[in-house]
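Each residue of the sequence shown is one higher than the one before, counting from 269 in my numbering.
A virtual CB, placed ideally from N, CA and C, is assigned to each residue, including glycine.
I have placed the structure first, in the form of C-alpha coordinates, so that the comments after it can refer back to it.
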Amino acid sequence: MTNQESLKKAQSCLLGNYRREITMVRGSGSEIWDADGKRYLDMGGGVAVNSLGHAHPELVHALATQAATLVHCSNYFHNPQATRLAERLVQLTGPGRMFFCNSGLEADEALFKLARKFGHETGGRHVIITTLGSFHGRSLAGISATGQEKVKVGFGPPTPGFVHVPFNDLQAVADAITAETCAVLIEGIQGEGGIYCATAEYLLGLRELCDKHQLLLLIDAIQCGMYRTGCFQSTTRILEEQELAEPWLPDAISMAKSLGGGVPIGATWIAEKYTELLGPGSHGTTFGGNPLACAAANCVLDVIERDRLDVNARRQGERLASRLAVIAANHPRKIKECRGLGLMLGVAFHIDAGPVQAACLQAGLILLPAGGNTLRWLPALNVDDDSLDEAVEIFEEVVKLLPSEN
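Now the structure itself:
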(Lines of atoms letter the chains of each structure in order from A; the text may use other names.)
(Lines give C-alpha, C1' and ligand atoms only; values in the text may rest on other atoms or scores of the structure.)
Protein backbone atom coordinates (compact mmCIF):
# COMPACT_ATOMS: atom_id res chain seq x y z
CA MET A 269 0.00 0.00 0.00
CA THR A 270 1.42 3.39 -1.03
CA ASN A 271 1.37 6.58 1.02
CA GLN A 272 -1.54 7.92 -1.01
CA GLU A 273 -3.54 4.71 -0.66
CA SER A 274 -2.86 4.60 3.05
CA LEU A 275 -3.80 8.26 3.47
CA LYS A 276 -7.12 7.73 1.72
CA LYS A 277 -7.96 4.74 3.90
CA ALA A 278 -6.88 6.50 7.09
CA GLN A 279 -8.98 9.57 6.32
CA SER A 280 -12.06 7.37 6.09
CA CYS A 281 -11.73 5.96 9.60
CA LEU A 282 -9.38 8.09 11.74
CA LEU A 283 -10.22 11.38 13.42
CA GLY A 284 -8.59 14.31 11.67
CA ASN A 285 -7.00 15.80 14.78
CA TYR A 286 -3.48 15.30 13.38
CA ARG A 287 -2.02 16.62 10.14
CA ARG A 288 -0.59 13.47 8.57
CA GLU A 289 0.27 12.68 4.96
CA ILE A 290 2.96 10.00 5.32
CA THR A 291 2.66 6.42 6.55
CA MET A 292 5.73 5.03 8.28
CA VAL A 293 6.15 1.26 8.04
CA ARG A 294 9.50 0.29 9.57
CA GLY A 295 12.56 1.66 11.31
CA SER A 296 16.08 0.74 12.32
CA GLY A 297 18.25 2.85 14.60
CA SER A 298 17.95 6.47 13.50
CA GLU A 299 16.44 5.53 10.14
CA ILE A 300 12.77 5.12 9.27
CA TRP A 301 11.01 4.27 5.99
CA ASP A 302 7.61 5.24 4.65
CA ALA A 303 5.10 3.20 2.65
CA ASP A 304 6.70 4.34 -0.63
CA GLY A 305 10.11 3.10 0.49
CA LYS A 306 11.58 6.55 1.13
CA ARG A 307 14.23 6.69 3.87
CA TYR A 308 14.33 9.43 6.52
CA LEU A 309 16.75 10.28 9.30
CA ASP A 310 14.67 10.56 12.45
CA MET A 311 16.02 13.40 14.58
CA GLY A 312 12.65 13.96 16.27
CA GLY A 313 12.65 10.58 17.98
CA GLY A 314 8.87 10.24 18.03
CA VAL A 315 8.81 13.47 20.11
CA ALA A 316 11.68 12.43 22.41
CA VAL A 317 10.28 8.91 22.83
CA ASN A 318 12.58 6.58 20.87
CA SER A 319 15.51 6.75 23.28
CA LEU A 320 17.20 3.68 21.72
CA GLY A 321 16.14 4.45 18.17
CA HIS A 322 13.89 2.17 16.17
CA ALA A 323 13.69 -1.63 16.56
CA HIS A 324 16.55 -1.92 19.03
CA PRO A 325 17.20 -5.70 19.17
CA GLU A 326 17.41 -5.86 22.97
CA LEU A 327 14.15 -3.97 23.40
CA VAL A 328 12.51 -6.26 20.84
CA HIS A 329 13.77 -9.28 22.78
CA ALA A 330 12.65 -7.88 26.14
CA LEU A 331 9.14 -7.27 24.83
CA ALA A 332 8.86 -10.70 23.24
CA THR A 333 10.10 -12.42 26.38
CA GLN A 334 7.72 -10.51 28.66
CA ALA A 335 4.79 -10.99 26.27
CA ALA A 336 5.35 -14.74 26.51
CA THR A 337 5.45 -14.52 30.32
CA LEU A 338 2.91 -12.00 31.63
CA VAL A 339 1.41 -9.06 29.76
CA HIS A 340 -1.10 -7.79 32.30
CA CYS A 341 -2.30 -8.75 35.76
CA SER A 342 -4.09 -5.61 37.09
CA ASN A 343 -3.07 -3.40 39.96
CA TYR A 344 -4.67 -5.67 42.51
CA PHE A 345 -1.30 -7.42 42.45
CA HIS A 346 2.38 -6.51 42.37
CA ASN A 347 4.53 -7.61 39.45
CA PRO A 348 8.35 -7.96 39.47
CA GLN A 349 9.00 -5.68 36.49
CA ALA A 350 7.17 -2.74 38.08
CA THR A 351 8.87 -3.23 41.44
CA ARG A 352 12.31 -3.41 39.81
CA LEU A 353 11.64 -0.31 37.75
CA ALA A 354 10.33 1.65 40.74
CA GLU A 355 13.39 0.75 42.79
CA ARG A 356 15.73 1.92 40.03
CA LEU A 357 13.91 5.20 39.43
CA VAL A 358 13.94 6.00 43.13
CA GLN A 359 17.68 5.29 43.26
CA LEU A 360 18.23 7.59 40.30
CA THR A 361 16.08 10.39 41.72
CA GLY A 362 16.05 10.41 45.52
CA PRO A 363 14.17 9.04 48.53
CA GLY A 364 10.54 8.60 47.57
CA ARG A 365 8.11 6.30 45.79
CA MET A 366 6.77 5.82 42.27
CA PHE A 367 3.34 5.85 40.66
CA PHE A 368 3.11 4.27 37.21
CA CYS A 369 0.67 5.21 34.45
CA ASN A 370 0.41 5.23 30.65
CA SER A 371 1.58 8.64 29.48
CA GLY A 372 3.02 12.01 30.38
CA LEU A 373 -0.49 13.44 30.60
CA GLU A 374 -1.38 10.93 33.32
CA ALA A 375 1.93 11.54 35.10
CA ASP A 376 1.09 15.25 35.20
CA GLU A 377 -2.41 14.48 36.42
CA ALA A 378 -0.82 12.75 39.39
CA LEU A 379 1.09 15.99 40.08
CA PHE A 380 -2.14 18.00 39.96
CA LYS A 381 -3.91 15.64 42.35
CA LEU A 382 -0.94 15.46 44.70
CA ALA A 383 -0.88 19.28 44.86
CA ARG A 384 -4.63 19.48 45.43
CA LYS A 385 -4.49 16.85 48.18
CA PHE A 386 -1.56 18.63 49.82
CA GLY A 387 -3.41 21.94 49.65
CA HIS A 388 -6.58 20.37 51.03
CA GLU A 389 -4.70 19.13 54.07
CA THR A 390 -2.80 22.38 54.64
CA GLY A 391 -5.55 24.95 54.87
CA GLY A 392 -7.73 24.29 51.82
CA ARG A 393 -5.35 25.71 49.21
CA HIS A 394 -5.78 24.69 45.57
CA VAL A 395 -3.97 27.03 43.13
CA ILE A 396 -0.93 25.81 41.17
CA ILE A 397 1.42 28.38 39.62
CA THR A 398 2.71 27.34 36.17
CA THR A 399 4.61 29.27 33.50
CA LEU A 400 3.90 30.92 30.17
CA GLY A 401 5.15 28.77 27.29
CA SER A 402 4.72 25.57 29.30
CA PHE A 403 3.01 22.39 28.11
CA HIS A 404 1.41 19.89 30.49
CA GLY A 405 -0.83 17.71 28.32
CA ARG A 406 -4.13 17.90 26.46
CA SER A 407 -6.73 16.88 29.03
CA LEU A 408 -8.98 19.68 30.31
CA ALA A 409 -6.77 20.02 33.40
CA GLY A 410 -3.62 19.72 31.26
CA ILE A 411 -4.55 22.52 28.88
CA SER A 412 -5.59 24.67 31.82
CA ALA A 413 -2.17 24.13 33.39
CA THR A 414 -0.45 24.82 30.06
CA GLY A 415 0.74 28.38 29.53
CA GLN A 416 -0.13 28.54 25.82
CA GLU A 417 -3.45 29.99 24.70
CA LYS A 418 -3.52 28.09 21.40
CA VAL A 419 -4.25 24.76 23.13
CA LYS A 420 -7.21 26.22 25.05
CA VAL A 421 -9.23 27.66 22.14
CA GLY A 422 -12.69 26.10 21.96
CA PHE A 423 -12.40 24.19 25.23
CA GLY A 424 -13.37 26.85 27.79
CA PRO A 425 -14.09 27.54 30.51
CA PRO A 426 -10.71 26.44 31.86
CA THR A 427 -10.37 24.13 34.83
CA PRO A 428 -9.91 26.50 37.78
CA GLY A 429 -6.83 26.45 39.98
CA PHE A 430 -3.99 27.42 37.63
CA VAL A 431 -2.13 30.74 37.34
CA HIS A 432 0.54 31.46 34.70
CA VAL A 433 3.64 33.61 35.15
CA PRO A 434 6.70 34.24 32.93
CA PHE A 435 9.28 31.45 32.83
CA ASN A 436 12.64 32.00 34.55
CA ASP A 437 11.17 34.94 36.49
CA LEU A 438 11.48 34.24 40.20
CA GLN A 439 9.94 37.56 41.22
CA ALA A 440 6.87 36.83 39.11
CA VAL A 441 6.36 33.58 41.04
CA ALA A 442 6.79 35.37 44.37
CA ASP A 443 4.27 38.02 43.34
CA ALA A 444 1.72 35.37 42.30
CA ILE A 445 1.71 33.51 45.61
CA THR A 446 -1.47 33.99 47.64
CA ALA A 447 -3.18 32.26 50.55
CA GLU A 448 -4.72 29.86 47.98
CA THR A 449 -1.44 28.74 46.39
CA CYS A 450 -0.40 25.14 47.03
CA ALA A 451 2.32 24.43 44.43
CA VAL A 452 4.61 25.66 41.67
CA LEU A 453 4.98 23.56 38.49
CA ILE A 454 7.69 24.09 35.85
CA GLU A 455 9.60 22.17 33.16
CA GLY A 456 13.39 21.96 33.52
CA ILE A 457 13.49 22.74 29.80
CA GLN A 458 10.38 23.92 28.02
CA GLY A 459 9.96 21.60 25.04
CA GLU A 460 6.75 22.52 23.22
CA GLY A 461 7.36 26.13 24.21
CA GLY A 462 10.55 26.37 22.13
CA ILE A 463 13.48 24.78 24.04
CA TYR A 464 14.04 27.24 26.86
CA CYS A 465 16.19 26.10 29.80
CA ALA A 466 15.56 27.02 33.39
CA THR A 467 18.53 28.79 34.95
CA ALA A 468 20.35 27.51 38.00
CA GLU A 469 19.39 30.66 39.91
CA TYR A 470 15.73 30.08 39.04
CA LEU A 471 15.75 26.48 40.28
CA LEU A 472 17.55 27.35 43.50
CA GLY A 473 15.27 30.30 44.11
CA LEU A 474 12.12 28.26 43.52
CA ARG A 475 13.20 25.67 46.06
CA GLU A 476 13.82 28.40 48.63
CA LEU A 477 10.55 30.17 47.80
CA CYS A 478 8.48 26.99 48.02
CA ASP A 479 10.05 26.06 51.35
CA LYS A 480 9.37 29.54 52.71
CA HIS A 481 5.68 29.46 51.77
CA GLN A 482 5.11 25.71 52.33
CA LEU A 483 4.39 24.99 48.67
CA LEU A 484 5.12 21.88 46.66
CA LEU A 485 7.75 22.28 43.94
CA LEU A 486 6.75 20.11 40.97
CA ILE A 487 8.85 19.33 37.88
CA ASP A 488 7.44 18.19 34.55
CA ALA A 489 10.36 16.16 33.15
CA ILE A 490 8.33 14.30 30.55
CA GLN A 491 10.33 15.55 27.56
CA CYS A 492 13.54 16.83 29.14
CA GLY A 493 14.23 13.94 31.53
CA MET A 494 15.51 10.39 31.12
CA TYR A 495 19.12 11.33 30.22
CA ARG A 496 18.15 13.57 27.30
CA THR A 497 20.50 16.29 28.54
CA GLY A 498 23.24 13.88 29.62
CA CYS A 499 21.90 13.56 33.18
CA PHE A 500 18.90 11.57 34.34
CA GLN A 501 17.11 14.86 35.03
CA SER A 502 17.68 18.13 33.23
CA THR A 503 17.65 19.97 36.56
CA THR A 504 20.71 17.97 37.61
CA ARG A 505 22.52 19.02 34.43
CA ILE A 506 21.54 22.66 34.92
CA LEU A 507 22.77 22.66 38.52
CA GLU A 508 25.89 20.52 38.09
CA GLU A 509 28.32 23.42 38.36
CA GLN A 510 26.73 24.75 41.53
CA GLU A 511 28.47 23.97 44.81
CA LEU A 512 25.51 22.61 46.77
CA ALA A 513 25.68 21.34 50.34
CA GLU A 514 23.10 18.66 49.50
CA PRO A 515 21.35 17.38 46.35
CA TRP A 516 18.68 19.69 44.95
CA LEU A 517 15.32 17.93 44.78
CA PRO A 518 11.77 19.02 44.00
CA ASP A 519 8.80 17.40 45.76
CA ALA A 520 7.51 15.44 42.76
CA ILE A 521 8.55 14.76 39.15
CA SER A 522 6.52 13.53 36.18
CA MET A 523 8.26 11.31 33.61
CA ALA A 524 7.30 9.51 30.37
CA LYS A 525 8.37 9.64 26.69
CA SER A 526 11.94 8.22 26.58
CA LEU A 527 11.29 6.01 29.61
CA GLY A 528 9.74 3.18 27.58
CA GLY A 529 11.76 3.59 24.39
CA GLY A 530 8.52 3.67 22.36
CA VAL A 531 6.25 1.63 24.63
CA PRO A 532 3.63 3.78 26.40
CA ILE A 533 4.54 4.35 30.04
CA GLY A 534 4.44 7.30 32.42
CA ALA A 535 5.73 7.64 35.97
CA THR A 536 5.52 10.08 38.84
CA TRP A 537 8.16 10.23 41.56
CA ILE A 538 6.95 11.64 44.88
CA ALA A 539 9.34 12.64 47.68
CA GLU A 540 9.16 10.44 50.76
CA LYS A 541 7.55 13.04 53.02
CA TYR A 542 4.53 13.33 50.69
CA THR A 543 3.95 9.70 49.66
CA GLU A 544 1.14 9.19 52.17
CA LEU A 545 -0.99 11.88 50.52
CA LEU A 546 -2.12 9.52 47.76
CA GLY A 547 -3.25 6.46 49.70
CA PRO A 548 -5.42 3.50 48.62
CA GLY A 549 -8.28 4.54 46.36
CA SER A 550 -7.04 8.11 45.87
CA HIS A 551 -5.53 7.65 42.41
CA GLY A 552 -5.02 4.89 39.87
CA THR A 553 -5.14 3.72 36.26
CA THR A 554 -5.93 0.28 34.85
CA PHE A 555 -2.77 -0.24 32.81
CA GLY A 556 -0.34 1.62 35.08
CA GLY A 557 2.71 -0.47 35.97
CA ASN A 558 1.82 -2.97 33.26
CA PRO A 559 4.47 -5.77 33.19
CA LEU A 560 5.05 -5.32 29.44
CA ALA A 561 5.61 -1.56 29.64
CA CYS A 562 7.80 -1.89 32.74
CA ALA A 563 9.88 -4.60 31.04
CA ALA A 564 10.49 -2.16 28.20
CA ALA A 565 11.54 0.60 30.59
CA ASN A 566 13.86 -1.74 32.48
CA CYS A 567 15.47 -2.75 29.20
CA VAL A 568 15.93 0.90 28.20
CA LEU A 569 17.65 1.62 31.52
CA ASP A 570 19.82 -1.48 31.14
CA VAL A 571 21.08 -0.35 27.74
CA ILE A 572 21.58 3.28 28.79
CA GLU A 573 23.58 2.26 31.86
CA ARG A 574 25.67 -0.41 30.13
CA ASP A 575 26.44 1.63 27.01
CA ARG A 576 26.84 4.92 28.92
CA LEU A 577 24.35 6.68 26.73
CA ASP A 578 24.34 9.58 29.17
CA VAL A 579 27.91 10.22 28.05
CA ASN A 580 26.91 9.78 24.40
CA ALA A 581 24.06 12.28 24.84
CA ARG A 582 26.53 14.86 26.14
CA ARG A 583 29.14 14.18 23.46
CA GLN A 584 26.72 14.13 20.57
CA GLY A 585 24.82 17.09 22.00
CA GLU A 586 28.02 19.12 22.07
CA ARG A 587 28.91 18.07 18.51
CA LEU A 588 25.43 18.91 17.28
CA ALA A 589 25.28 22.25 19.10
CA SER A 590 28.66 23.21 17.65
CA ARG A 591 27.61 22.32 14.10
CA LEU A 592 24.29 24.15 14.42
CA ALA A 593 26.03 27.22 15.84
CA VAL A 594 28.25 27.38 12.74
CA ILE A 595 25.23 27.12 10.45
CA ALA A 596 23.48 29.85 12.43
CA ALA A 597 26.56 32.11 12.24
CA ASN A 598 26.71 31.59 8.48
CA HIS A 599 23.01 32.46 8.07
CA PRO A 600 22.18 35.18 10.61
CA ARG A 601 19.34 36.54 8.47
CA LYS A 602 17.64 33.15 8.55
CA ILE A 603 18.44 31.76 12.01
CA LYS A 604 17.97 33.81 15.18
CA GLU A 605 19.66 31.51 17.70
CA CYS A 606 20.31 27.95 18.86
CA ARG A 607 19.56 26.83 22.42
CA GLY A 608 19.17 23.78 24.63
CA LEU A 609 21.22 21.10 26.38
CA GLY A 610 22.48 17.67 25.38
CA LEU A 611 20.24 16.05 22.79
CA MET A 612 17.41 18.51 23.36
CA LEU A 613 18.29 21.39 21.06
CA GLY A 614 16.27 24.02 19.26
CA VAL A 615 17.01 26.21 16.25
CA ALA A 616 14.94 29.41 16.19
CA PHE A 617 14.29 31.01 12.78
CA HIS A 618 13.23 34.49 11.76
CA ILE A 619 10.24 32.88 10.03
CA ASP A 620 7.65 30.31 11.09
CA ALA A 621 9.23 26.88 11.45
CA GLY A 622 6.45 25.06 9.59
CA PRO A 623 7.80 25.54 6.05
CA VAL A 624 11.33 24.72 7.25
CA GLN A 625 10.12 21.48 8.80
CA ALA A 626 8.30 20.60 5.57
CA ALA A 627 11.43 21.26 3.52
CA CYS A 628 13.51 19.09 5.84
CA LEU A 629 10.94 16.29 5.60
CA GLN A 630 10.99 16.49 1.82
CA ALA A 631 14.79 16.19 1.98
CA GLY A 632 14.56 13.10 4.21
CA LEU A 633 15.08 14.66 7.65
CA ILE A 634 12.54 14.53 10.49
CA LEU A 635 12.61 17.49 12.89
CA LEU A 636 9.81 18.79 15.09
CA PRO A 637 8.34 22.30 15.47
CA ALA A 638 8.08 24.10 18.81
CA GLY A 639 7.10 27.56 19.90
CA GLY A 640 6.12 28.72 16.42
CA ASN A 641 9.53 29.57 14.95
CA THR A 642 11.70 26.77 16.40
CA LEU A 643 12.68 23.31 15.17
CA ARG A 644 13.62 20.71 17.78
CA TRP A 645 16.41 18.16 17.54
CA LEU A 646 15.52 15.16 19.75
CA PRO A 647 17.51 12.21 18.34
CA ALA A 648 17.95 8.82 19.97
CA LEU A 649 20.34 8.77 22.92
CA ASN A 650 22.47 6.23 21.03
CA VAL A 651 22.64 8.27 17.82
CA ASP A 652 25.97 7.68 16.07
CA ASP A 653 28.35 10.09 14.35
CA ASP A 654 27.41 9.13 10.80
CA SER A 655 23.66 9.58 11.31
CA LEU A 656 24.07 12.90 13.08
CA ASP A 657 26.54 14.22 10.51
CA GLU A 658 24.28 13.25 7.61
CA ALA A 659 21.31 14.90 9.33
CA VAL A 660 23.24 18.14 9.84
CA GLU A 661 24.35 18.15 6.20
CA ILE A 662 20.74 17.81 5.03
CA PHE A 663 19.66 20.55 7.42
CA GLU A 664 22.38 22.90 6.20
CA GLU A 665 21.34 22.40 2.58
CA VAL A 666 17.73 23.20 3.49
CA VAL A 667 18.80 26.35 5.36
CA LYS A 668 20.83 27.53 2.35
CA LEU A 669 17.67 27.49 0.23
CA LEU A 670 15.53 29.43 2.73
CA PRO A 671 14.67 33.06 1.98
CA SER A 672 16.60 35.58 4.08
CA GLU A 673 14.83 38.00 6.42
CA ASN A 674 14.58 41.44 4.79
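Indicate whether residue i and residue j have their beta-carbon atoms separated by less than 8 Å.
i	j	result
arginine 356	leucine 569	yes
cysteine 369	glycine 639	no
cysteine 492	methionine 311	no
proline 647	glycine 313	yes
alanine 631	glutamine 334	no
valine 531	isoleucine 595	no
tyrosine 308	leucine 633	yes
threonine 536	leucine 379	yes
serine 280	alanine 303	no
isoleucine 521	threonine 399	no
methionine 494	leucine 545	no
leucine 592	leucine 331	no
valine 317	lysine 541	no
leucine 636	valine 315	yes
serine 298	glycine 284	no
alanine 539	leucine 486	no
leucine 507	leucine 471	yes
alanine 442	leucine 477	yes
alanine 616	asparagine 598	no
alanine 350	glycine 552	no
aspartate 376	aspartate 488	yes
asparagine 271	isoleucine 300	no
When DSSP builds the beta bridges, which residues end up paired with residue i?
i	result
asparagine 368	Residue identity check: residue 368 is phenylalanine in the sequence provided, not asparagine. Answer by DSSP bridge pairing, in chain order: Ala535.
alanine 638	Thr642
alanine 616	Glu605, Thr642
isoleucine 300	Gly295, Tyr308
leucine 485	Val452
leucine 633	Leu309
histidine 599	Answer is none; histidine 599 lacks a bridge partner.
histidine 322	Gly297
Since residue i and residue j are thought to touch, with beta carbons under 8 Å apart, how far apart are those beta carbons, to the nearest angstrom?
i	j	result
methionine 523	isoleucine 572	In fact, because the Cβ distance is near 14 Å, the residues do not count as touching under 8 Å.
asparagine 566	asparagine 650	Not confirmed; about 17 Å, so no contact.
isoleucine 438	leucine 474	It should be pointed out that residue 438 corresponds to leucine in this sequence rather than to isoleucine. So it is a contact: roughly 7 Å between Cβ atoms.
leucine 614	glycine 462	Note that residue 614 is glycine in the sequence shown here, rather than leucine. That belief holds up - the Cβ atoms of glycine 614 and glycine 462 are roughly 6 Å apart, short of 8 Å.
leucine 643	alanine 621	5 Å
alanine 529	histidine 324	For the sequence presented, residue 529 should be read as glycine rather than alanine. Their Cβ separation, rounded to whole angstroms, is 7 Å, which keeps glycine 529 and histidine 324 in contact under 8 Å.
cysteine 628	isoleucine 662	7 Å
leucine 373	glycine 405	4 Å
glutamine 510	alanine 468	5 Å
leucine 656	glutamine 584	6 Å
tyrosine 464	glycine 401	7 Å
serine 672	arginine 601	4 Å
With hydrogens ignored, establish whether the beta-carbon of residue i is closer than 7 Å to any heavy atom of the ligand COA.
i	result
glycine 493	Within the structure as shown, the ligand COA is missing, as the structure has no ligands at all.
Practice prompt. May I have a chain-ordered list of the beta strand (DSSP E) segments no shorter than 3 residues that lie completely inside the stretch 507-550?
Written response: Scanning the stretch 507-550 from its first residue to its last, the whole beta strand (DSSP E) runs of 3-plus residues come out as 520-523, 534-539.
Discussion item. To test your reading of the DSSP string, which unbroken beta strand (DSSP E) runs of 3 or more residues are found completely within the stretch 423-476?
Written reply: Counting only runs of 3 or more, we get 430-433, 449-455.
Practice prompt. Report the residue ranges of all alpha helix (DSSP H) runs contained in full by the stretch 335-422; include only those spanning at least 4 residues, in chain order.
Written response: Listed in chain order, they are 348-361, 372-388, 408-413.
Discussion item. For the pair the stretch 483-500 and the stretch 338-350, tell me if three or more CB-CB distances fall below 8 Å.
Written reply: The count of Cβ pairs closer than 8 Å, one atom from the stretch 483-500 and one from the stretch 338-350, stays below three, leaving the stretches out of contact.
Worksheet item: If you pair each beta-carbon of the stretch 400-415 with each one of the stretch 430-440, do three or more pairs fall below 8 Å?
Response: The stretch 400-415 makes contact with the stretch 430-440; the number of CB pairs closer than 8 Å reaches 3 or more.
Item to complete: Pair every Cβ in the stretch 383-398 with every Cβ in the stretch 440-458, then say whether three or more of these pairs are closer than 8 Å.
Response: Yes: the two stretches touch, three or more of their Cβ pairs being nearer than 8 Å.
Worksheet item: Touch check for the stretch 454-461 and the stretch 601-618: three-plus C-beta pairs under 8 Å?
Response: Output reads yes: the stretch 601-618 touches the stretch 454-461.
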